[in-house]
Each structure stands twice: as structure tokens, then as C-alpha cells.
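Colleague: Quick one: the structure is below, and I'll ask about it shortly.
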Amino acid sequence: MSEQAGADEHLPSDVHAVRDALVEWYEADHRDYPWRRTDDPYEILVSEVMSQQTQLDRVVAAWEDFLERWPTVADLAAADRGDVVGFWTDHSLGYNNRAKYLHEAARQVVHERDGEWPRDPDGLSELMGVGPYTANAVASFAFDNGNAVVDTNVKRVLYRAFDVPDDDDAFEATARALLPEGRSRVWNNAVMELGGVACEKTPDCDGAQCPWREWCSAYQSGDFTAPDVPTQPAFEGSRRQFRGRVISVLNEYDELTLDELGPRIRVDYAPEGEHGREWLRGLLSDLADDELVAVTEADGRTVATLRR
DNA sequence: TTCCCGAGAC
DNA sequence: GTCTCGGGAA
């Protein structure tokens, strides 16, 4: 047997329903970035390279300016390296090494491949600056011909939803098993959208109407720990800071149980963990003493509400 | 001498 | 996220 045996051991038995739910959720509504409206490999590559180091909202303007200046891969290939690097600097796009790679990749396509873009991940990987992530992204978004994209966002989602262990091979295998055959374009867009709006470091399951709540392990347990989320707060988060968050969160919801409130207060909340129910009870107890919050015990559950 | 991998730089 | 580099394995 191959190394793929058991690749879906972490997935629910009804993978089919899991896939449909996400695609449906994505198609119903999603952020409308301009590069999601094109299937031109050149335009897609430019957006991917820019996105590797800059927040998407800032990339939009840079992407449009870049394409206005160099509309086609041939234009970019013919440009002076210095101008491309200069553009990068002027638009605060980060390490200008990437500008160099992008320019070089354009030259490769034009000069070594006669202007023909590779249409699969392996071929795309031969382009300068294009690693596994970008290769799958371009193959998917331009040609609907990629494999599952696995970046930190995807890992976080798989880790939380299906308890996939923090291991690259496990993430890779699970992501591949989840990908609907031949639908990499919509799928990779959907998974990344999920990680971007519903399952960020600080989860927003209900607010974003996450389509995976019924299967999600974290949603059920209240433990939203994630691989890339530091277990310890960057700096010793003051109790005062957390009190503020509790008030802020309760202000949005009528009432929340401990496990519903916990993850919204701190991402490393784990019911039985160091900063779990015990810790949260203590915090709420203090707030109750100050008459800011009301804590009630309803049929075995602890519920917190804001005191008006 | 070539391959593979972890570490650090960009 | 990707590339380069240096040490250890094959």
C-alpha cells in the first residue's frame, strides 16, 4: 500500500456532506478580491507573490497598479529589473527579492517556454520563486488543475475541525483527501476563505456562520488551540485586558456558556487547560463582584450575561 | 560526489 | 512562503 493509506482517518464518515457544506457556504458569499475574477495565470501569480508578505487589503491597490504598468507576462519579462524592484519598494510590498523572482519567472515563461504557462503544479514549481504553495494556488485558480493548498490557515482549520495532528504529512494527506476531485479552484478558494473569515486565530464560528460547526471538534469542545497560536500570550496578558474582552464579547451576545465565551476571550482557551473553565470562572467571579456581569447556573451549565 | 534536511535570510 | 547554505547521510 502507499503512504496515502489512511489519509482520511481524521475525516468524518460523510466527507461528501462536509465538502458540499463548505462549497455552498463559499459560493453563497465571499470576499470579492479582483484576482478571484480572473483565470489569467500571470495575474494570478502576481497576486500570489504579493500576498505572500502583505495583507490582502493592501495588495489590491498594488496588484492593480502593477498590472496597469505591466499588463502581460511579456511586458514584465521585457521590463528592467530595477524598475520592477523599484515598484516593489514604492508600494511597500516587502522584501524586493520577490520582485526579482517574479521578474525572473516572467522571463522564464517568455524565453524558456515560448510564452506558454505550465498548467500543473510540477511545471509551475520550476518557475523562480514558485514553491509548493504558489504552484498549487496558480494551478488551481488559473487552470482549476491543482492539488490541495496547505498553508498555515489550512493547517489551523484542519487541526481544529478534525483534530489532525500538528504534522506536515498529516495535514498534507488530510487536505488531499478532502479536495473534491477536479474542483481545486473553488475548493482551495473556499478553504482559505474559511480560514480567513471564520477560523482565524480568534475564531468567529457563529458570526461567520461556519458551515462545519456540526462536524467541528473545536466547536464542540470549546478548545480552539491551534498550531500557529502561541500557547502563552506574547506578553503576560494582564487580567485587566481579559476583563475588558469579557465585557466586550458579552456586549455582543445575550448570554454565553463558559465554553462559548472562553475562545472569544483568548485563543488558547481549553476547557480543562491552564486557562480553561477554572480560570474563566475566577475571572467572571471578579466581574460579578464588581456587578458588571451576572453568572448563573442553569441545568448544570454556567452562563454569563452582561449586567445592564 | 550527490541527496536530504534543518536553520536562517529575504 | 521560498530560497540559499552548510553539515551529515548515502
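The letter at position 132 of the first sequence is residue 132 when you use full-length UniProt numbering, and the numbering goes up by one with no holes. Where is the CB? At the ideal position from N, CA and C, for every residue including glycine. From a predicted model like this one, the values you see are computed outputs, not experimental measurements.
(1) Three or more beta-carbon pairs under 8 Å between the stretch 98-106 and the stretch 74-87, yes or no?
(2) Report the residue from D29, D8, L11 whose alpha carbon sits nearest the alpha carbon of E193.
(3) Does the Cβ-Cβ distance between V49 and V73 come in under 8 Å?
(4) I think L261 touches A304, with their Cβ atoms under 8 Å apart; what is that distance to the nearest whole Å?
(5) Short of 7 Å in beta carbon distance, which residues of its chain neighbour S51, apart from the five on each side in sequence? Order them along the chain.
(6) If you compare alpha carbons, which of L178, A270, R69 is closest to H10?
(7) Between the beta-carbon of N147 and the beta-carbon of S184, is there less than 8 Å?
(8) State the CB to CB distance for the pair S125 and P132, rounded to an integer number of angstroms; the pair is presumed to be in contact (CB under 8 Å).
(9) Beta-carbon within less than 6 Å of P227's beta-carbon, same chain only, minus the 5 sequence neighbours each way: which residues are those?
(10) Could you tell me the boundaries of the alpha helix (DSSP H) in which R266 lies?
(11) Whose CA, out of L256, V130, R266, lies closest to the CA of R245?
(12) Measuring CA to CA, which of D14, R31, S13 is closest to G195?
(13) Between D259 and G222, is the Cβ-Cβ spacing less than 8 Å?
(14) Give the single residue among D168, Q53, D65, T38 whose Cα lies nearest to the Cα of Y95.
(15) Just reading off the alpha helix (DSSP H) that L124 is part of, what are its end residues?
(16) Run the CB neighbour count on H111, radius 10 Å, all protein chains shown included, and call it buried at 16 or more, exposed below.
(17) Rounded to a whole number of angstroms, what is the C-alpha to C-alpha distance between A175 and V149?
(18) What ranges does the beta strand (DSSP E) occupy inside the stretch 145-224, keeping only unbroken runs of at least 3 residues that lie completely in it?
(19) By the DSSP assignment, the alpha helix (DSSP H) with R301 in it spans what residues?
(20) In terms of residue numbering, what span does the alpha helix (DSSP H) encompassing Y49 cover?
(21) Looking only at its own chain, which residues have a Cβ that is under 6 Å from the Cβ of A142, when we skip the five neighbours before and after it?
(22) For F242 and E297, what's the separation of their Cα atoms in angstroms?
(23) Per DSSP, what are the beta-bridge partners of T257 in this structure?
(24) Write down the C-beta distance between V23 and W215 rounded to the nearest angstrom, noting that I regard them as a contact closer than 8 Å.
(25) Which residues does DSSP pair with V110 in a beta bridge?
(26) I'd like to confirm the pairing. Which residues does DSSP put opposite E297 in its beta bridges?
(27) Using a 10 Å radius around the Cβ and a threshold of 16 neighbouring Cβ atoms, would you call E64 buried or exposed?
(28) Assuming R98 contacts F87 (C-beta within less than 8 Å), just tell me the rounded distance between them.
(29) Looking at the structure shown, is V127 part of a helix, part of a strand, or coil, going by DSSP?
(30) Look at the alpha carbon of E3 and the alpha carbon of R308, and state the distance between them as a whole number of angstroms.
(31) Assuming E68 is part of the alpha helix (DSSP H), what are its boundary residues?
Modeller: In brief:
(1) Yes, the stretch 98-106 is in contact with the stretch 74-87.
(2) Locating residue 193 in the first sequence gives position 193, where the first residue counts as 1. Among D29, D8, L11, the Cα nearest to that of E193 belongs to D29.
(3) For the purposes of this step, residue 49 is taken as the residue at position 49 of the first sequence. For the purposes of this step, residue 73 is taken as the residue at position 73 of the first sequence. No; because the gap between Cβ atoms is not below 8 Å, this pair is not in contact.
(4) Along the first sequence, read from residue 1 onward, the residue named residue 261 stands at position 261. Along the first sequence, read from residue 1 onward, the residue named residue 304 stands at position 304. L261 to A304, Cβ: 6 Å. Contact.
(5) Within the first sequence, the letter at position 51 stands for residue 51. Around S51: V59.
(6) Stepping through the first sequence from its first residue, residue 10 is reached at position 10. The residue with the shortest Cα to Cα distance from H10 is L178.
(7) By 1-based counting over the first sequence, the position of residue 147 is 147. By 1-based counting over the first sequence, the position of residue 184 is 184. Closer than 8 Å, so yes.
(8) Counting from one through the first sequence, the residue named residue 125 turns up at place 125. Counting from one through the first sequence, the residue named residue 132 turns up at place 132. A Cβ-Cβ separation of about 7 Å places S125 in contact with P132 under the 8 Å criterion.
(9) Along the first sequence, one-based indexing puts residue 227 at 227. Contacts found: K155, Y159, D166.
(10) Here the question's residue 266 lines up with position 266 in the first sequence. Looking at the DSSP string, R266 is not in any alpha helix (DSSP H), and its letter there is neither H nor E.
(11) Start at 1 with the first residue of the first sequence, and residue 245 comes out as number 245. With distances taken between Cα atoms, R245 lies closest to R266.
(12) As a first step, residue 195 is located in the first sequence; it is residue number 195 there, counting from the start. It is R31 whose Cα lies nearest to the Cα of G195.
(13) Here residue 259 corresponds to residue number 259 of the first sequence, with the count starting at 1. Here residue 222 corresponds to residue number 222 of the first sequence, with the count starting at 1. Against a cut-off of 8 Å, the Cβ pair of G222 and D259 comes out as a contact.
(14) For the purposes of this step, residue 95 is taken as residue 95 along the first sequence, with counting starting at 1. That would be Q53, whose Cα lies nearest to the Cα of Y95.
(15) Working through the first sequence from its first residue, we reach residue 124 at position 124. From DSSP, the alpha helix (DSSP H) with L124 extends over 121-124.
(16) Here residue 111 refers to the residue found at position 111 when the first sequence is read from its first residue. Exposed.
(17) For this step, residue 175 is matched to residue 175 along the first sequence. For this step, residue 149 is matched to residue 149 along the first sequence. Rounded to whole angstroms, A175 to V149 spans 8 Å at the Cα level.
(18) none
(19) Along the first sequence, read from residue 1 onward, the residue named residue 301 stands at position 301. Not the alpha helix (DSSP H): R301 falls in the beta strand (DSSP E), residues 301-306.
(20) As a working mapping, residue 49 is identified with position 49 in the first sequence. The question names Tyr, yet the displayed sequence has Val at residue 49. Its alpha helix (DSSP H) spans residues 41-51.
(21) Taking the first sequence and counting its residues from 1, the one referred to as residue 142 is at position 142. Excluding positions up to five away in sequence, the list reads D39, P41, I44.
(22) Residue 242 sits at position 242 when you count from the first residue of the first sequence. Residue 297 sits at position 297 when you count from the first residue of the first sequence. Their backbone Cα atoms lie some 22 Å apart in a straight line.
(23) Along the first sequence, one-based indexing puts residue 257 at 257. Note: T257 sits in a beta bridge opposite V303.
(24) Here residue 23 refers to the residue found at position 23 when the first sequence is read from its first residue. Here residue 215 refers to the residue found at position 215 when the first sequence is read from its first residue. By a beta-carbon distance limit of 8 Å, V23 does not contact W215. Their separation comes to about 15 Å.
(25) To locate residue 110, count along the first sequence from 1; it is residue 110. Looking at the DSSP assignment, V110 forms no beta bridge with any residue, so it has no partner.
(26) Taking the first residue of the first sequence as position 1, residue 297 is located at position 297. The partner list for E297 (beta bridge, DSSP) reads T302.
(27) On the first sequence, residue 64 is found 64 positions in, with the first residue counted as 1. Exposed, since its Cβ has fewer than 16 Cβ neighbours within 10 Å.
(28) Along the first sequence, one-based indexing puts residue 98 at 98. Along the first sequence, one-based indexing puts residue 87 at 87. About 11 Å; that fails the 8 Å criterion.
(29) Taking the first residue of the first sequence as 1, we reach residue 127 at position 127. Residue 127 is actually Leu in this sequence, not Val. Coil at L127, not helix or strand.
(30) Translated into the one-based positions of the first sequence, residue 3 becomes position 3. Translated into the one-based positions of the first sequence, residue 308 becomes position 308. Note on E3: pLDDT 43, under 50, position unreliable in the model; no value is reported.
(31) Locating residue 68 in the first sequence gives position 68, where the first residue counts as 1. Segment 56-69, the alpha helix (DSSP H) holding E68.
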